[in-house]
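K.L.:
One structure follows; several queries about it will come next.
2 protein chains.
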Amino acid sequence: MARRSFPLSRVYGLLEPGPVILLTTAGKDRANVMPQSWHMMVEFEPPMIACIVSDRNFTFDILKATRECVVNIPTVELAKKVVACGNCSGREVDKFETFGLTPLAAAHVRAPLIAECYANLECKVVDTRGVNRYGLFVLEVVKAWIDPAKKNPRTIHHRGNGAFMVAGRTVKLPSRMK
Amino acid sequence: MARRSFPLSRVYGLLEPGPVILLTTAGKDRANVMPQSWHMMVEFEPPMIACIVSDRNFTFDILKATRECVVNIPTVELAKKVVACGNCSGREVDKFETFGLTPLAAAHVRAPLIAECYANLECKVVDTRGVNRYGLFVLEVVKAWIDPAKKNPRTIHHRGNGAFMVAGRTVKLPSRMK
C-alpha cells in the first residue's frame, strides 16, 4: 500500500511516546542512517523537534552542512536492523545496502525516507545555536508520511546497553491535555 | 521499603524510553506538579536533560526563579493522578493535597520528590538560553533515587489527547551503543 500524507498537526503524537528513531541524511557520497533516542518535541505546529547528534557521529557533519534530514520511526520488526545501524559507522559502511533498507525519495529534502519504517518526517534544520555546546539541532517538520498498511505499530524504546522496551497496550484517559 | 540512591551514570536509561514525567517545583506558597512529555537526554554524565515548559504553565515562573526541580517518573498505577494533575493548574489547586500525592524532602533541592513515583531525579537548571524562544530548560541531575520495591515498573508514554501507551516487554539485542 502506498505511503500516505500525515497531518502535521498530529506529528507530536508520534514522537511524544519516545520511540527510537532512524535519522537519515544525504551525504555527498551516500545517504546515512543513525539510530537515535535523544529527541523531543519543541512545538506543536508547525511541528518542531529538538535532537542531539554528537560530533563523533558521521551524521553530524552532514546534518550541519545540508541542514536537512528525515526522522524515520521503526517498529519492533526492524529492531535488529536498528541495532546493526548503531553498531557501525556510515564512514565505513553504506547502511542502506548492507542492512537491506530501502531508500525512497522525499518530497522536500534530499535525505531519503526509509520504506520499512511506519512513519517518516521530512525535516529542515531551523536552529543550530545549541550545536556547539550540546550537539542540539532544532528541526522543523515540513512533511509527514505514514504507512497505512502498518496497523498497530509497535515502536521500540531504548533502555540502554541493548535493552529495548517494546510499546505495549494503549489506555485512554479523560485528559484535557493536547 | 526505603528509597535507594541510584547511580548518576545510569540515569539516561530511565529517560531514554520517553516516559511521561511529573515535574515538581517549590513555589513560594506551595509545591507544584506538572505532567510532561517534552524532554530528552543531552549528556550521559553528569546526566543532563533538556525539557520544554511553556510560559503558560504555573511551573514556568517557579522554575525560572528557583532554578530547581525534581523529575519524577510515575508508573501506570498513577496514570489517573497524572491526568488529573494535567487537567488543572497549580495556580488554583494544591495538587499534592488534592490528588493524594506524598511529598518527600529532596537532598539537594527544595522541590519535593513524589513518594508514589518509582524514580526521582533532583535537578538544577544549568542553562536558560533556550527559554525565551522555546521554553527550553537544560537541567543537570545532581541526585537520583529509585524505589526498589517497585519491581518491573510500567511507565506511561503520551500519544496525545488522553491516549497513553503502557510500557511493554523488554527485548535484549547485541548493541554496542551505550
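Chains A and B supply the protein sequences, listed in that same order.
In terms of the working numbering, the first sequence is numbered consecutively and its last residue is 178.
In terms of the working numbering, the second sequence is numbered consecutively and its last residue is 356.
The beta carbon of each residue, even a glycine, is placed where N, CA and C say it ideally should be.
#1: Rounding to the nearest angstrom, what Cα-Cα distance links Lys329 (chain B) and Ala297 (chain B) in this structure?
#2: Across which residues does DSSP place Thr24 (chain A) in a beta bridge pair?
#3: So with Cβ pairs under 7 Å, would you call Ala345 (chain B) a contact of chain A?
#4: What is the DSSP secondary structure of Ser175 (chain A), reduced to helix, strand or coil?
#5: Using a Cβ-Cβ cutoff of 9 Å, what residues of the region 145-172 of chain A are near chain B? List them in chain order.
#6: Count the C-beta pairs between the region 153-171 of chain A and the region 283-303 of chain B that are closer than 8 Å, then say yes if the count reaches three, no if not.
#7: Following a CB-centred definition, is Ala50 (chain A) positioned closer than 6 Å to any heavy atom of the ligand HEM?
#8: Using three-state DSSP, classify Thr102 (chain A) as helix, strand or coil.
#9: Report the rounded CA-to-CA distance for Thr98 (chain A) versus His108 (chain A), giving the unit in angstroms.
#10: Using a 10 Å radius around the Cβ and a threshold of 16 neighbouring Cβ atoms, would you call Lys259 (chain B) buried or exposed?
#11: What number of angstroms, rounded off, separates the C-alpha of Met219 (chain B) from the C-alpha of Trp38 (chain A)?
#12: Closest by CA to Pro180 (chain A), which one among A:Asp61, A:Asn57 and A:Tyr12?
#13: How would you call Ser5 (chain A), buried or exposed, if buried means at least 16 neighbouring beta carbons within 10 angstroms?
#14: What is the DSSP secondary structure of Lys143 (chain A), counted as helix, strand or coil?
#15: Work out the CA separation of Gly86 (chain A) and Ser353 (chain B) for me, nearest whole Å.
#16: So what's Lys273 (chain B) in DSSP terms, helix, strand or just coil?
P.N.:
Here's the rundown:
#1: In this structure, the CA atom of Lys329 (chain B) is about 12 Å from the CA atom of Ala297 (chain B).
#2: Beta-bridge partners assigned by DSSP to Thr24 (chain A): A:Val33 and A:Val70.
#3: Under the Cβ distance rule, Ala345 (chain B) counts among the residues neighbouring chain A, one pair being separated by less than 7 Å.
#4: Ser175 (chain A) falls in the coil class under three-state DSSP.
#5: Cβ proximity to chain B below 9 Å picks out Arg154, Thr155, Ile156, His157, His158, Arg159, Gly160, Asn161, Gly162, Ala163, Phe164, Met165, Val166, Ala167, Gly168, Arg169, Thr170, Val171 and Lys172 from the region 145-172 of chain A.
#6: The region 153-171 of chain A, when compared against the region 283-303 of chain B, does not touch it at the 8 Å Cβ threshold.
#7: You won't find the ligand HEM in this model; it holds no ligand whatsoever.
#8: DSSP places Thr102 (chain A) outside both helix and strand once states are collapsed to three, so it counts as coil.
#9: Put simply, the backbone Cα of Thr98 (chain A) is about 26 Å away from that of His108 (chain A).
#10: Around the Cβ of Lys259 (chain B), a 10 Å sphere holds 16 or more other Cβ atoms; the residue is buried.
#11: Rounded to whole angstroms, the separation of the alpha carbons of Trp38 (chain A) and Met219 (chain B) is 5 Å.
#12: Not covered by the structure: residue 180 (chain A). The range shown for chain A is 1 to 178.
#13: A residue is called buried once 16 or more other Cβ atoms fall within 10 Å of its Cβ, and Ser5 (chain A), having fewer, is exposed.
#14: Residue state, collapsed to three classes: strand.
#15: If you take the alpha carbons of Ser353 (chain B) and Gly86 (chain A), they lie about 7 Å apart.
#16: Lys273 (chain B) falls in the helix class under three-state DSSP.
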